[in-house]
Every structure is written in C-alpha cells, then in structure tokens.
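Chains C and Z, in that order, are what the protein sequence lines are.
Numbering of the first sequence is given in full-length UniProt numbering, commencing with residue 1 and proceeding in unit increments.
Numbering of the second sequence is given in full-length UniProt numbering, commencing with residue 1 and proceeding in unit increments.
Let me begin by presenting the structure, written as structure tokens, before commenting on it.
Protein chains: 2
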Amino acid sequence: MLKKANEAGRPVETPIPWEDFLADIVNRWSGETGERKQDRSKRREQEILRAALRVFARDGISRARIGDIASEAGMPVSSIYEYYPGKEELAYAVPLSVFGRFYSEYAEAVAGKTTARERLRLYLWLAADFARRNPEWSRTLYLEIWPSVLVGETTVRHAIDDYARIIVHLIRQGEAAGEWPAGHNPYETATILNGSVNQLIITWLIYRRPRDLMKATGSVIDRAMTLLGPVEPPRPRRKPRPGTAKS
Amino acid sequence: MLKKANEAGRPVETPIPWEDFLADIVNRWSGETGERKQDRSKRREQEILRAALRVFARDGISRARIGDIASEAGMPVSSIYEYYPGKEELAYAVPLSVFGRFYSEYAEAVAGKTTARERLRLYLWLAADFARRNPEWSRTLYLEIWPSVLVGETTVRHAIDDYARIIVHLIRQGEAAGEWPAGHNPYETATILNGSVNQLIITWLIYRRPRDLMKATGSVIDRAMTLLGPVEPPRPRRKPRPGTAKS
DNA sequence: TTGAAATCCGACTTCATTTCGTATTTTTGC
DNA sequence: GCAAAAATACGAAATGAAGTCGGATTTCAA
Numbered sequence: 001m002l003k004k005a006n007e008a009g010r011p012v013e014t015p016i017p018w019e020d021f022l023a024d025i026v027n028r029w030s031g032e033t034g035e036r037k038q039d040r041s042k043r044r045e046q047e048i049l050r051a052a053l054r055v056f057a058r059d060g061i062s063r064a065r066i067g068d069i070a071s072e073a074g075m076p077v078s079s080i081y082e083y084y085p086g087k088e089e090l091a092y093a094v095p096l097s098v099f100g101r102f103y104s105e106y107a108e109a110v111a112g113k114t115t116a117r118e119r120l121r122l123y124l125w126l127a128a129d130f131a132r133r134n135p136e137w138s139r140t141l142y143l144e145i146w147p148s149v150l151v152g153e154t155t156v157r158h159a160i161d162d163y164a165r166i167i168v169h170l171i172r173q174g175e176a177a178g179e180w181p182a183g184h185n186p187y188e189t190a191t192i193l194n195g196s197v198n199q200l201i202i203t204w205l206i207y208r209r210p211r212d213l214m215k216a217t218g219s220v221i222d223r224a225m226t227l228l229g230p231v232e233p234p235r236p237r238r239k240p241r242p243g244t245a246k247s
Numbered sequence: 001m002l003k004k005a006n007e008a009g010r011p012v013e014t015p016i017p018w019e020d021f022l023a024d025i026v027n028r029w030s031g032e033t034g035e036r037k038q039d040r041s042k043r044r045e046q047e048i049l050r051a052a053l054r055v056f057a058r059d060g061i062s063r064a065r066i067g068d069i070a071s072e073a074g075m076p077v078s079s080i081y082e083y084y085p086g087k088e089e090l091a092y093a094v095p096l097s098v099f100g101r102f103y104s105e106y107a108e109a110v111a112g113k114t115t116a117r118e119r120l121r122l123y124l125w126l127a128a129d130f131a132r133r134n135p136e137w138s139r140t141l142y143l144e145i146w147p148s149v150l151v152g153e154t155t156v157r158h159a160i161d162d163y164a165r166i167i168v169h170l171i172r173q174g175e176a177a178g179e180w181p182a183g184h185n186p187y188e189t190a191t192i193l194n195g196s197v198n199q200l201i202i203t204w205l206i207y208r209r210p211r212d213l214m215k216a217t218g219s220v221i222d223r224a225m226t227l228l229g230p231v232e233p234p235r236p237r238r239k240p241r242p243g244t245a246k247s
C-alpha cells in the first residue's frame, strides 16, 4: 500500500476505506427529512416538499409564493409554517430531500467498479445524468441554491461539501493506487473536474444546449480526466483524433 | 484565409478579425448605464448603483431591502423607483455597470499579445483577478446573478453570453492559426476552461480557499489549457484535416 | 429670466410573509 | 376503550417591504 505524505499541513487520510467513506456520506443524507411524530405529518411534509419543488422550479425561489406552494399541496398557508420556519428554510430543505437519492444511486452503481478512475468517471457522469433526470430539482439546486451567498452554515452546504469531498477522495485514491501520478494538487484537479461538469449542467439547464447532454458529458469528462495522467500506464499516449478527413 | 465549415447549422464566422470582434464587445458594454438627461441624475444613478452593489453583496439580493439601499445612497425610497422599475431590474443593472470595466481592462491588457494561447490565458486569468479585486461585484454576479433562472432574456444574460463567446472565439482562433489541433468541439473545450475558472472563483468567494487565488488560478489554467494540445508547435507539419490554412 | 421638461419625495396602496389563538386530530396513560 | 395530553391544523389578523401617485422642486435651454 502506498503511503501518502501530508502536504501543506492538511491531513490527507488516504487510508480511509472507500466503502466506509461512501457509506458514511450516503447515511448522512438518506435520513428522514424531519422529526415528525405522527405518520400523517410525515406524509404532509413530503407533499409540501413536492409542491415546493415544483413551484420553486417554475417561478424561481424569489418569485415563488408560499400561497402557491400551499394550494399546490392542498393545505392552508399557515400549515407550511408548521413545518418550516420560513420560505428560505423551505428552499433549503427541498434539494436536501433529493440529495440522498443521488448518493444512494451512486453507491449502488459504483459497487461493481474497482478502480478509482472508473469510480470517478461514474460519479461525474451520474451527477449530470441525475440532474438531467430530475430537472426541477437540478434547476433549483444548480441555478439558485448551490452558488448562493445565502448558503451560510446550512445543512445544504454540508451536502454540497460532501459532493466535492468525494471527488477529492477519489483523486487521492487513484494516486495511492498508482493509477495516475501524484504530483498535482488534488484540489485543483477536483476544481477542474467539478467545474467542468457543473458548467455543462448549468448551461444545459439554461439554454438546453448541448442538445444531447449525456453525450457531451461523456466527452467532457473523458477529456478533463486525461489531466489525471495516462489512461493505462503501458500504453503509448495517443491523442484522440475523432475528425478523420475521409472514411 | 482559413475557411471553416459550419457545424450544426450554426454560423462559425472565424474570419472576423480579432480586434473588431473584441472592440465590438467592449463598445457594447462600456456605454452609459441609462439615458438620463440631467447631469445630476447621472451622478445620482451612479450613487444608487454603488449603494446597491454594497447592500446586495452584504445581504444577498433577496434579503436586501430597497430601503437600505436608499438610505445608503442618501435618498428616499421612491427616488430609486425613478431610476429602476423594481428591485430585480436594479439587481441586474448592478453587475452590468462593472462588466464594461472588465472588458476594457482586458482589451487594454491583451493589446500586446499576439497568439491565441496568450490571449486566452490572459482572459481566464483576468477574469479571476478582476473578481478578486472587485469582491462585492463578483459576489453578486457569480453567486446570485450568473446562474440564476431569473436571467431570462435580460441584458445581463447577453453580457454573460459574450463572456463565453470570447473563449470560443479564441479557441477557434488558435485552431485557425495552427496553435493547436482542430479535432475537438470548441464548445466542450470552452466549457472546461470556463467551468474550471468559475468553480475556482466561486469556491474562493464562499470559502476563501484557496488562500492565494491567483496562484491557484495560474496553475488551474495551465493544466486545463494543456487540453488544447502541445504548448509549442514548432511547425504545424501535420494537420489532422487536409487542405487547411496556409501551405 | 422663464417656462417646459426632468426630477424629487412624502404619503398612500398593495401584496406576500409571518404570527397567533383556537379547533381538531392523534397519541399516551390507565 | 376512554379520557387527558400532546401534536397538528387552520382562519384571521398583524407585520413589513415593494411599489404607486401627484404635487413640489430643480434643471436647462432659449
């Protein structure tokens, strides 16, 4: 097992087993949304969240009205306040309720993968695919919540931090396993990977371009991941040359 | 002159000279903010914008109150409405008033650069540096305006579109000049470059990390730009496509 | 200087968020 | 099962910020 040195005084913690690391995160976000005692209330809370998801995605958080969410959920306005202290808190609860599903999906899908490269590729790919399949959620998360100043010390912020943590972890994992060289700052690499995929998703959400999001995602991920190092150590480097002049 | 083929029916327009292309954009955003007749009004409008910039950056757009902006600017609330139809429009006007400065700075700094690679590198670098030097502006732009759903067919959106257009243009420029091969989709390359730098800026704005933004920016840009191709093509001896450029 | 246009500003209106007291339903103790 | 207690539901009323209006004031050009 390769032993990694600390850099810049930050504990690197490579030895944490991948399964534990991931399970920890999955558990943290798959919990129930609230702490309601009665069953009826739990159902009601779900209805509020589903209604809020739709209305927020349709009108944007700032233009959305609690009244609309209430009627969409089929209950009086004041009942919303029984569950959430205000509009802002509700807006933060909405993406969280879906975040757990993303991590679960990933945990299940990644089970068969053994290399850090495969795991990382799948992770980035799934992020885009999940956003594509849950457009109302991704609209609210990527266009309104994620970059917002308002995200102070909130729970959503921790969920988003975990999102990035996984990428950094996988980069270190690949270094430790010798899948790619360890020369670069993992945070910088993660910034490039994460930023590329986010940019792709955001552009798609706003402009519906590229038309085929997942095709572009595959292509962008593959290119960005070449920054990690050679695909397969023994293989001589060959640049992708898709545009052959003639067939 | 290199003739580029259209792809996906979108006009490519490579032949547009760089200077004209850039001057066009600089002019578009360096104009005056409003169409006020009196001098006093122009000063007043500037005061509103400056006050709004501060308050929006401090409280976030949704929490900011027009009343606070008014007192910060030393005028009654209703005077704000004399200049802007509402809070949302004011929020969009704020970043625009600074956008022109960014393009001007770039136009001036890029004047000496002759290769597309240098121009592109400077552009990305300046974006981060400008954000760092104007934290109130960048906070509002990157964390609230830029990704927002609310940015429908607004003027800010066009300003942001131009931001991305420049990147794509420079990538094509480098292809045309043989600085790097032309095999890749320029939009994908632009997504990676743009996304990486944006991610870096956003992370810095929220977490103040990396501590030294510009050092990290240099490093991230250099790495991401290696995706374009070899650093120095001594002589473009073999092009992927036949019949390209000058013999 | 002077009048028309531009601008200023305090009071008022509108509308969405949030609070509150009571009614209703669910759970708990026996 | 049956109260009593706890949890939840909801209408109405309060709060507060955004936005409107029309008369007063200032600017500018002739």
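Virtual Cβ for every residue (Gly too), placed ideally from N, Cα, C.
Between W137(Z) and chain C, the shortest Cβ-Cβ separation is not below 9 Å.
Minimum Cα-Cα distance from K87(C) among the listed residues L49(C), R132(C) and R40(C) corresponds to L49(C).
In the assembly as shown, Q38(Z) is an exposed residue. Its beta-carbon has fewer than 16 other beta-carbons within 10 Å. In this structure, the beta-carbon distance from I201(Z) to Y142(Z) falls below 9 Å. Around the CB of G100(Z), 16 or more other CB atoms lie within 10 Å, so the residue is classed as buried. For chain Z, the residues of the region 187-202 of chain C that bring a beta carbon within less than 8 Å of one of its beta carbons are Y187, E188, T189, T191, I192, N194, G195, S196, V197, N198, Q199, L200 and I202, in chain order. Put simply, the CB of P76(Z) is far from chain C, with every gap to its CB atoms at 9 Å or more. Contacts with chain C at 9 Å (Cβ-Cβ) include L143(Z).
Along the region 160-186 of chain Z, the positions whose C-beta sits under 8 Å from a C-beta of chain C are P181, A182, G183, H184 and N185, read in chain order.
Not a single CB atom of chain C sits nearer than 9 Å to the CB of S30(Z). DSSP, reduced to helix, strand and coil, places T115(Z) outside both helices and strands of the structure shown, so it counts as coil. Cα atoms of T154(Z) and Q46(Z): separation of roughly 20 Å, rounded to the nearest angstrom. In chain C, no part has a C-beta under 8 Å from the C-beta of A107(Z); the shortest such distance is about 24 Å.
The beta-carbon of I61(Z) is placed less than 9 Å from the nearest beta-carbon of chain C. Excluding residues up to 5 positions away in sequence, W146 lie with their Cβ nearer than 7 Å to the Cβ of I160(Z) in the same chain.
In the structure shown, the three-state DSSP call for H184(C) is coil. Contact check between the region 115-122 of chain C and the region 173-180 of chain C: three or more CB pairs, one atom from each, fall below 8 Å, which counts as touching.
DSSP places A64(C) outside both helix and strand once states are collapsed to three, so it counts as coil. R44(C) has its alpha-carbon roughly 12 Å from the corresponding atom of P76(C). Rounded to whole angstroms, the separation of the alpha carbons of N198(Z) and S148(C) is 14 Å.
Residue K42(C) holds the alpha-carbon nearest to the alpha-carbon of E82(C) among M214(C), K42(C), D24(C) and W180(C). The region 20-103 of chain C contains, as complete alpha helix (DSSP H) runs of 4+ residues, the segments 39-59, 66-73 and 77-83 (chain order).
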